[in-house]
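Asker: Note that the numbering used here numbers the sequence shown so that position 329 is 516, with each residue one more than the last.
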Amino acid sequence: MRALEGIKVLEFGDGVAVGYCGALLAACGADVVKVEPPGTGDMVRHLPPFGDGAPAPEASGLHAFLSAGKSSIAVDLKTENGQDLARRLAAGCDIVIEALGPGTAERVGIGYERLKSGSPGLVMVALSWFGNDGPRRDWSGSDAVAQALAGFIYPIGQKDGPPIIPGGFAAQITGGLTAFIATMGALIGGLSGDDGVLIDQSILEAQTAYTETAGVRHAYDGVHSIRKGINKFTPTYPQTIYPAADGWIGVTALTPAQWFACCELVGAPELFDDPRFNTSAARNAQADELDTYLVPLFRQRTALEWFHEGQARRVPFAMVPTMADLADLDHFQAREVLATYEHPDLGAFTAATIPWKLAATPLRHGGLAPRLGQHTREILSDRLGLDSDKIAALSSSGAIALGGTAS
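See below:
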């Protein structure tokens, strides 16, 4: 039995954050139904990578990862019939997560106050870029915007250059993970007899909370984190990336013991007692000068050699791997960090599994991502008791769309 087996979840809205929150719930055993607009579906379906490079809503690798193991129902929330169906489906659910935008759920009749009347213990998560209230709640957001406004990228980059965005969907993954954590807390409260709850989850605020020490440092000593160069944005040094003979090696040597071992490993033990570098603060202040010694030394061996030699001395060295390298790493294989998924439109692809292990309740990795509206007929029949004539009428009116069968 899985941890959330028997828990029913309804997922509304576009984007990576809501999709990832739903994916984590599904992996823990929840029955997650994704409600998508007919015709287009979730915008994630239209984001790369695609199986053969050609955009297709059923061939997005991102969709395959975020929606694995979910069901899909195509409902037009702009229609009265669609809104009624959504409310009826929500009445049988324990959790509703939505990313429709501030105020939209209320406008289409599926806001928390409306839904909890049919499901008093409902846990509802409203995911948005800037929160459900505040003077700027309706700003347009993106991952780059959230990372920028959170202060995450300000210290990253060359001294005289612009901030550098790490890329990808880091803020949205963070927002989805944070929403999942909040949902679990609310669900546990419900099991203890508490009433339902509305969780207002801002992606920006989640990313801000993960911006580490920059805010604390400014509050305590008034120092702004500034750009000091690529891979030199941490307050301690070395905690950076150096070129190796064949790639890149991540190097961290913060404690005296780590710094001593690092100096010995690179063949420069004299650096340990050098007053310019004998404390972490001194090394941070003289990072450029220290690099004139360390860069040529780290170029002398391969990244894998440095990785193994550093770890043998309990110094946190790590090669900077490609995804192919990760798949071959014995530790990743033993921990099942990555899994191979099979998809009819994509073929086989590798993606991350859920980032924790539960000893007594196995997680569910993989599963086919649904086609758009694949389960519309089944869910309306099984959960709401609608007969084929009623379903056909709803389809003809445009309130729903009937997708293809599993493939």
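Note that the Cβ used here is the ideal one computed from N, Cα and C, for glycine as well. Nothing here was measured: the structure is a model prediction, and the numbers come from that model.
Excluding sequence positions up to five away, which residues of its chain have a Cβ less than 7 Å from the Cβ of Trp446?
Answerer: These residues qualify, in order along the chain: Ala440 and Phe459.
Asker: Taking DSSP as the reference, what is the three-state secondary structure of Phe252?
Answerer: If DSSP states are grouped into helix, strand and coil, Phe252 belongs with the helices.
Asker: How long is the line joining the alpha carbons of His518 and Ala505, rounded to whole angstroms?
Answerer: If you take the alpha carbons of His518 and Ala505, they lie about 13 Å apart.
Asker: At what residue ranges does the region 326-356 contain a whole run of the beta strand (DSSP E), taking only runs of 3 or more?
Answerer: Runs found: none.
Asker: Taking C-alpha atoms, which residue in Lys303, Gly248 and Lys265 lies nearest to Pro225?
Answerer: Here the closest residue by C-alpha is Lys265.
Asker: Under the assumption that Ile282 contacts Thr370 (Cβ atoms under 8 Å), give the Cβ distance between them as a whole number of angstroms.
Answerer: About 6 Å; that satisfies the 8 Å criterion.
Asker: Taking all protein chains shown into account, decide if Ser575 is buried (16 or more other Cβ within 10 angstroms of its Cβ) or exposed.
Answerer: That one is exposed.
Asker: So, helix, strand or coil for Ile130, using DSSP?
Answerer: Outside the shown range of the chain, which is 188 to 594, sits residue 130, and nothing can be said about it.
Asker: Check the C-beta distance from Leu249 over to Ile284 and give it rounded, since I have them as a contact under 8 Å.
Answerer: Wrong, their Cβ atoms sit about 18 Å apart, outside the cutoff.
Asker: Threshold first: 4 residues or longer. Then list the alpha helix (DSSP H) segments lying entirely within the region 414-459, N to C.
Answerer: Qualifying alpha helix (DSSP H) stretches, in chain order: 443-452.
Asker: Residues in its own chain within less than 6 Å of Gly228 by CB, not counting five upstream and five downstream?
Answerer: Same-chain partners within the cutoff: Pro244 and Leu559.
Asker: Please determine, among Val312, Ser583 and Ser582, the residue with the shortest C-alpha to C-alpha distance to Pro289.
Answerer: Checking every option, the nearest Cα to that of Pro289 belongs to Val312.
Asker: Does the structure place the region 198-209 close enough to the region 523-536 that three or more beta carbon pairs sit under 8 Å?
Answerer: These segments do not touch.
Asker: Over what stretch of residues does the alpha helix (DSSP H) that includes Val205 continue unbroken?
Answerer: Element bounds for Val205: Val203 to Ala214.
Asker: If you pair each beta-carbon of the region 268-283 with each one of the region 563-578, do three or more pairs fall below 8 Å?
Answerer: Cβ pair count under 8 Å is three or more, so yes.
Asker: Quick one: what's got a C-beta closer than 7 Å to Pro157's C-beta in the same chain, skipping five residues either side?
Answerer: Since the first residue of the chain shown is 188 and the last is 594, residue 157 is not available in this structure.
Asker: Buried or exposed: which applies to Gly454, given that a residue is buried once 16 or more other Cβ atoms fall within 10 Å of its Cβ?
Answerer: Per the 10 Å Cβ criterion, exposed.
Asker: Per DSSP, what kind of secondary structure is Ser594 in: helix, strand or coil?
Answerer: For Ser594, the predicted model reports a pLDDT of 33, less than 50, meaning its position is unreliable; a value from the coordinates is still stated below. DSSP places Ser594 in coil when its eight states are reduced to three.
Asker: If you draw a straight line from the alpha carbon of Val332 to that of Gln388, how long is it in whole angstroms?
Answerer: Whole-angstrom Cα-Cα distance: 16 Å.
Asker: Extract the residue ranges of the beta strand (DSSP E) inside the region 479-554, only unbroken runs of 3 or more that lie entirely within it.
Answerer: Listed in chain order, they are 504-506, 525-530 and 534-539.
Asker: Using alpha carbons as the reference points, say which of Leu589, Ser254 and Phe237 lies closest to Ala214.
Answerer: Cα-wise, what sits closest to Ala214 is Ser254.
Asker: With a 10 Å radius around its C-beta and 16 neighbouring C-beta atoms as the bar for buried, classify Ser583 as buried or exposed.
Answerer: That one is exposed.
Asker: Quick check on Val196: buried or exposed, where buried means 16 or more other Cβ atoms within 10 Å of its Cβ?
Answerer: With 16 or more Cβ atoms within 10 Å of its Cβ, Val196 is classed as buried.
Asker: Enumerate in chain order the residues of its own chain whose CB-to-CB distance from Gly590 is below 8 Å, with the five nearest sequence positions on each side excluded.
Answerer: Only Ser259, Ala261, Pro557, Arg558, Leu559, Gly560, Gln561, His562 and Thr563 meet the Cβ criterion.
Asker: Lys221 lies in the beta strand (DSSP E); which residues open and close that run?
Answerer: Element bounds for Lys221: Asp218 to Glu223.
Asker: Do you know how far the Cα of Ala472 is from the Cα of Leu491?
Answerer: Roughly 29 Å separates the two Cα atoms.
Asker: With the cut-off set at 8 Å, would you say Ile386 and Gly362 are in Cβ contact?
Answerer: Contact flag unset, no.
Asker: Would you grab the beta carbon distance between Thr395 and Ala337 for me? Rounded to a whole angstrom, and I think it's under 8 Å.
Answerer: Thr395 to Ala337, Cβ: 4 Å. Contact.
Asker: Mind checking whether Phe367 and Leu550 have CB atoms under 8 Å apart?
Answerer: Cβ distance not < 8 Å, so Phe367 and Leu550 don't count as in contact.
Asker: Among the residues of its own chain, which have a CB less than 7 Å from the CB of Leu581, if the five just before and after it don't count?
Answerer: Here the set comprises Asn268 and Ile587.
Asker: For Leu484, which of Asp515, Ile343, Ala535 and Ala431 has the nearest alpha-carbon?
Answerer: The option with the nearest alpha carbon to Leu484 is Ala431.
Asker: Measure from the alpha carbon of Phe536 to the alpha carbon of each residue in Gly554, Gln426, Pro443 and Ile375, then state which is nearest.
Answerer: Closest option to Phe536, Cα to Cα, is Gly554.
Asker: Tell me which same chain residues have a C-beta within less than 6 Å of the C-beta of Pro503, skipping the five on either side of it?
Answerer: Counting only Cβ-Cβ distances below 6 Å, and skipping sequence neighbours, we find Thr439.
Asker: Could you tell me the alpha carbon to alpha carbon distance between Thr442 and Arg189, rounded to whole angstroms?
Answerer: So the alpha carbons of these two residues sit roughly 42 Å apart.
Asker: Between the alpha carbons of Asp597 and Arg301, how many angstroms are there, rounded?
Answerer: Because the chain here runs from 188 to 594, residue 597 falls outside it and cannot be looked at.
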